[in-house]
Amino acid sequence: MARPPPLGELPPGYTPPARPATPQILAGSLKAPLWLRAYFQGLLFSLGCGIQRHCGKVLFLGLLAFGALALGLRVAIIETDLEQLWVEVGSRVSQELEYTKEKLGEEAAYTSQMLIQTPRQEGENVLTPEALDLHLQAALTASKVQVSLYGKSWDLNKICYKSGVPLIENGMIERMIEKLFPCVILTPLDCFWEGAKLQGGSAYLPGRPDIQWTNLDPEQLLEELGPFASLEGFRELLDKAQVGQAYVGRPCLHPDDLHCPPSAPNHHSRQAPNVAQELSGGCHGFSHKFMHWQEELLLGGMARDPQGQLLRAEALQSTFLLMSPRQLYEHFRGDYQTHDIGWSEEQAGTVLQAWQRRFVQLAQEALPENASQQIHAFSSTTLDDILHAFSEVSAARVVGGYLLMLAYACVTMLRWDCAQSQGAVGLAGVLLVALAVASGLGLCALLGIAFNAATTQVLPFLALGIGVDDIFLLAHAFTEAPPGTPLQERMGECLQRTGTSVTLTSINNMVAFFMAALVPIPALRAFSLQAAIVVGCNFAAVMLVFPAVLSLDLHRRHCQRLDVLCCFSSPCSARVIQILPQELGNGTVPVGIAHLTATVQAFAHCEASSQHVVTILPPQAHLVPPPSDPLGSELFSPGGSTRDLLGQEEGTGQKAACKSLPCARWSLAHFARSQFAPLLLQSHTKAVVLVLFGALLGLSLYGATLVQDGLALTDVVPRGTKEHAFLSAQLRYFSLYEVALVTQGGFDYAHSQRALFDLHQRFSSLKAVLPPPATQAPRTWLHYYRNWLQGIQAAFDQDWASGRITHHSYRNGSEDGALAYKLLVQTGDAQEPLDFSQLTTKKLVDKEGLIPPELFYMGLTVWVSSDPLGLAASQANFYPPPPEWLHDKYDTTGENLRIPAAQPLEFAQFPFLLRGLQKTADFVEAIEGARAACAEAGRAGVRAYPSGSPFLFWEQYLGLRRCFLLAVCTLLLCTFLVCALLLLNPWTAALIVLVLAMMTVELFGIMGFLGIKLSAIPVVILVASVGIGVEFTVHVALGFLTAQGSRNLRAARALERTFAPVTDGAISTLLGLLMLAGSNFDFIVRYFFVVLTILTLLGLLHGLVLLPVLLSILGPPPEVVQMYKESAEVLSSPAPQGGGLRWGVPSTLPQSFARVTTSMTVALHPPPLPGAYIHPASEEPTWSPAATPAANGPSNLGSRGLCPATG
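Each residue of the sequence shown is one higher than the one before, starting from 672 at the first, in my numbering.
Here's what the structure looks like:
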């Protein structure tokens, strides 16, 4: 294949073009910026030339390096733990959570499985026996779930959470209690005898039927067993817990049931109970004192009469509590049932997960489709499954998105002329970006950055869209290289022109994502860091590896090979050579608007003898008048892109010419030059643009006031699923949250009792705290402890008054009296621990309701050991746990009187329920109130903090907007500095930052109109929008800055150069985001696809409409101007000899012509391609081929190849 001829091989009559007029640098402060930019561009030029010389090596090493990094994906870890994802790093919540885990361990005491029943018909009352029957049916089905794992059968009774199982010395009673002790199930069925059906335990006694809660009367059973065993302590325990007759003393929903016990209040009357009346005030478990389920835990959508009596409700809820994996492991460790399976905590977790999944499945299927009620089931495992599904990579969507991008890149860059087509470059560029994304994510995995849902669901598409933008920019610049650029410098010249803007956008993107990492939410911090690293890998791929691809494609084009199918030669090897405008000697050329263009039309003929194509060049010269142009012909340029010349017809002297279809000649650059820019830069259009964007900004400022904070779980879970239905019903009817007020170590609990009571009172008075019933004491360990002490003090006083207890004996007294005796004689002094004189002078609780400090920790030991039900109900979770101590009133030795004191407490908690938390503002109000109460307690010396999911996941909203504003302002400042340093023009940088700030405000306002709430995820996108917006603005600004002429001309030229790549980049970004629209998660669609699509459209409008208008009005002055020498003669050249060409024009030109340039276009017209059309031309030229300087060979300016066979 022939190389392009050197200059010496041109016809001798041709005058070589002189170098263009040297640009004159404006005086003043612009010298240094231009020099610095020229130095940086020189480095880029050297880089491009070096890559082009060693393109094969660079491509191989680049792919090898990126491929090696991509292997890091094998060690990627996907994080699904909500606490690890959403608790602010280094925040007080994080420190408090760490303190809780240090004292109590990693896990909660129990996990909750919930059933919610709602009517299918909106507003229907569920307080009817029929509705409760359906609830019983679903709950009973769920409670009977069994799973078989490790060769064992696991049912609810084995894995449920049992609160306060007492320690009984009688072995037979202890075994019976272990089998019978009920699971903690909070259900409205506990108001009725049917609640016993959910308890699966049973025991056997000789001569009696199996003992179950459906037929168990504890009082009667103790009377029957009394003669055979000493059960006085157990009886007192049941009396204190107010167990009574347990379930058999409660009304039956259906008194006609054959199993309804005779002791049921409505057994004989056979009347159905008044459900609303029975449920009024809540229900009780088997213990009336310690197991009270408040109405708000059982009923939703309640309505009352004016007197406050419950009338109706719209939802029922039952909650099953299961042990945590650690508790289940400890419970069965060493047990005969698990000794043969290598029992471990991991196996315990697997058992619980399997049971929970089966629980949800059967509960949802328990009611028939035509039932009047519907059941929604949920468990902690369901939430974990949702998070796992949310975090899984959708291979189909990833492949679909990348295939779509491949197709777009290939189709966009294909051309009719194979020498100009870049379809293979588009394919290679997209594949390279895909490899760069994979390598960036692999590097993140190697650095230990955990992946999450945002990484797997969003980042691959977002990074693809952003990365392909620069691919299009380089490809466009490469094809539109200035004519006459040496072949070996094409890549250097391309990087010299575009490397600055690519570097600027990539650095800004990285800075934006690094700034977004300031948002202290781990999931979003990881996403931002990963995005920044991926953008960095994209930048390296675009600047180092993609130029090697372009260089290889240049070789393919120079060898006239087909695009994509590069092994085949091109059947349409069109070549266009453009000779640069020349400096017109010493002639006087006024600055103006016309061009002298000499066009040489080449005709290809086939010589049958030599089987070569011979190209013949006839001379022709003409003066092109200035076209009609709204900008005063400032946009008319002599050169344009090579691609623009392909369809040019200069048709004299040939019978037929190959001409492209008109649609093939259309391009975005042509549209921008001839239609868009002239229209946009008219004065009235500028005014309309400014008014419209000002109105948009004003509307957005109003929309910003509509943005609410928050991110509910219902926003994350896919709509239309059973899980979403449950969460919606729970949010509507049961917006309750279990929280705790944790007291830490570092202060003396014994001497701070008053402050602890005050703290509890302040916390209880918060608006969101659900108050206990008026008939029930506060449910805290300090109240339970004090009340228990007052109870045994009363028993002691009674035994002392009756003489059953004396100074020297307590054996005849009651169990409680004996306990009080042992506590009253304690002094707390290690030297003299006992003082019997205190029996009559001391009280366990003084008149102010405080426990004597010297007895506080010894009394705590006795209470924890003697009142397990009260301890369990208090949910105190003491750390360090008080020591075990067994009381035996018949042991009168001195050792039995010594009570070990508990260690000073470092952790204890008061439980509370928060209600009415529907909106984020409600959560924030509750959090602020709780924090204020703890701060007030801190001034009294008590160290405390609130704990629970509202504080873990909603406290971020206290400072989220402040964090967002700080991050955006800091990023805008960084963007200004980066742009000012790389562009070396603060004026332009300020305009860019102004446009970016408008984009951020407008995006925020549109979120308000769309109802998208502000959480950490939109904050990250809003912060990143500044960096992404740079993609749409910097290219235009840099094109404006480096152009010559007036502001209008420079804005138009900037649009001509950047309109196509910026538009292609925006479309590629939208295509990358398009796959997000197909996500199963509405959250991904609303919070990522919609927001990022709006951001892309805003960026396109601001970059190609608003910014050019602002630059044409407020843009900085030009850095260089073109200066020409004055001379009376425009151009002189030797007269043409033979068939040579004489370049020249008359010495006088019309006044309207100012800039005189010369150019030569040499075009070969091969046989037409399929799809092209043939149009008739004029007659054959009359000049002889011999007139041309054939001495230089006919192929010097033509193509060489085989001639087709002729007949």
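A virtual CB, placed ideally from N, CA and C, is assigned to each residue, including glycine.
Taking Gln-1415 as the reference, which of Glu-966, Tyr-770, Arg-708 has the closest Cα? When C-alpha distances from Gln-1415 are compared across Glu-966, Tyr-770, Arg-708, the shortest belongs to Tyr-770.
In whole angstroms, give me the CA-to-CA distance for Leu-1674 and Tyr-1404. Leu-1674 and Tyr-1404 have their C-alpha atoms roughly 34 Å apart.
Tell me where the beta strand (DSSP E) around Pro-790 begins and ends. 781-790 is the span of the beta strand (DSSP E), which, as asked, contains Pro-790.
So, at 6 Å on beta carbons, what are the nonlocal neighbours of Gly-1097 in its own chain, with the 5 sequence-adjacent residues on each side left out? Result list for Gly-1097: Ala-1080, Cys-1081, Met-1084, in chain order.
Beta-bridge pairing of Ala-974 - partner residues as DSSP gives them: Arg-983, per the DSSP bridge assignment.
Where Thr-1532 and Gln-948 are concerned, what is the direct C-alpha to C-alpha distance, given to the nearest angstrom? If I take the Cα positions, the gap works out to 41 Å.
Closer than 7 Å to a non-hydrogen atom of the ligand FMN - does that hold for the CB of Arg-1721? Ligands displayed in this structure: none; no statement on the ligand FMN is therefore possible.
When the Cα atoms are used, what is the spatial distance from Gln-1424 to Leu-893? Cα-Cα distance, rounded: 39 Å.
In the DSSP assignment, the alpha helix (DSSP H) including Glu-1409 goes from what residue to what residue? For Glu-1409, there is no enclosing alpha helix (DSSP H); the residue is found in the beta strand (DSSP E) stretching over 1408-1415.
By Cβ distance below 8 Å, which residues in the same chain neighbour Phe-716 in space, the five residues on each side in sequence not counted? Excluding five sequence positions before and after Phe-716, the CB atoms of its chain that fall closer than 8 Å to its own CB belong to Glu-1160, Gly-1163, Glu-1164, Leu-1166, Gln-1167, given in chain order.
Helix, strand or coil at Pro-880 [DSSP, three-state]: In this structure, Pro-880 counts as coil in the three-state DSSP scheme.
Would Thr-1734 and Leu-1339 be called neighbours here (beta carbons separated by less than 8 Å)? Contact flag set, yes.
Closest by CA to Met-847, which one among Asn-1458, Leu-896, Phe-1342? If you compare the alpha carbons of Asn-1458, Leu-896, Phe-1342 with that of Met-847, the shortest gap goes to Leu-896.
Smallest Cα separation from Ser-824: which of Ala-1019, Cys-1650, Glu-793? It is Ala-1019.
Would Gly-1770 and Gly-1679 be called neighbours here (beta carbons separated by less than 8 Å)? No, Cβ-Cβ distance for Gly-1770 and Gly-1679 is not below 8 Å.
Please determine if the stretch 1448-1461 and the stretch 1648-1668 are in contact, where contact requires at least 3 C-beta pairs separated by less than 8 Å. The stretch 1448-1461 makes no contact with the stretch 1648-1668, as fewer than three CB pairs between them are under 8 Å.
Could you check whether Ala-1187 and Val-1705 sit closer than 8 Å to each other, using their CB atoms as the reference points? Result no, Cβ atoms of Val-1705 and Ala-1187 do not sit closer than 8 Å.
Contact check, Leu-969 vs Leu-950 under 8 Å by CB: the rounded distance? Going by Cβ atoms, the distance from Leu-969 to Leu-950 rounds to 7 Å, so yes, they are a contact pair.
Per the contact definition of three or more C-beta pairs closer than 8 Å, is the stretch 935-948 in contact with the stretch 750-760? No, the stretch 750-760 is not in contact with the stretch 935-948.
Could you tell me which of Val-1104, Val-1108, Cys-1115 sits nearest to Asp-1141, measuring between CA atoms? A check of alpha carbon separations from Asp-1141 across Val-1104, Val-1108, Cys-1115 identifies Val-1104 as the nearest.
Under a three-way DSSP split, which group does Leu-1745 fall into? Here Leu-1745 sits in helix by DSSP.
Span separating the alpha-carbon of Ser-1545 from that of Ser-1618: If I take the Cα positions, the gap works out to 16 Å.
Specify whether the stretch 865-872 and the stretch 883-893 touch according to this definition: at least 3 beta carbon pairs, one from each stretch, less than 8 Å apart. Yes, since at least three Cβ pairs between the stretch 865-872 and the stretch 883-893 fall closer than 8 Å, the two stretches touch.
Ignore the nearest five residues each way along the sequence and tell me which others in Glu-1577's own chain have a CB closer than 7 Å to its CB. Hits under 7 Å: Lys-774, Gln-1415, Gly-1416, Tyr-1550, Pro-1551.
Restricting to Cα atoms, I'd like to know which of Glu-890, Phe-1217, Leu-1133, Ser-1172 is closest to Gly-733. The shortest Cα separation from Gly-733 among Glu-890, Phe-1217, Leu-1133, Ser-1172 belongs to Phe-1217.
What does the alpha-carbon distance come out to for the pair Gln-965 and Gln-978? Each residue's alpha carbon lies about 19 Å from the other.
Under 8 Å Cβ to Cβ from Tyr-1492, same chain only, skipping five residues before and after it: list those, please. Phe-1467, Ile-1476, Tyr-1481, Gly-1484, Leu-1510.
According to the Cβ coordinates, are Leu-744 and Gly-1113 closer than 8 Å? The criterion of a C-beta distance shorter than 8 Å is satisfied by Leu-744 and Gly-1113.
Supposed close pair Pro-1539, Pro-1554 - CB separation, criterion 8 Å: With 8 Å as the limit, Pro-1539 and Pro-1554 do not qualify as a contact, their Cβ atoms being about 15 Å apart.
Ser-958, enclosing beta strand (DSSP E) - first and last residue: For Ser-958, there is no enclosing beta strand (DSSP E), as DSSP marks it with neither H nor E.
Run of the beta strand (DSSP E) containing Pro-1582, from where it starts to where it stops: Residues 1578-1585.
Measuring alpha carbon to alpha carbon, tell me which of Gln-1008, Gln-913, Ala-1125 ends up nearest Ile-1688. A check of alpha carbon separations from Ile-1688 across Gln-1008, Gln-913, Ala-1125 identifies Ala-1125 as the nearest.
Roughly how many angstroms lie between the CA atoms of Phe-1210 and Leu-1225, to the nearest whole one? Rounded to whole angstroms, Phe-1210 to Leu-1225 spans 22 Å at the Cα level.
To the nearest angstrom, report how far apart Leu-1667 and Leu-1643 are at their CA atoms. Distance between the alpha carbons of Leu-1667 and Leu-1643 is about 8 Å.
Coarse secondary structure for Ser-1618, derived from DSSP in three states: Ser-1618: strand per DSSP, three-state reduction.
In this structure, does DSSP put Leu-1505 in helix, strand or coil? Three-state DSSP puts Leu-1505 in a strand.
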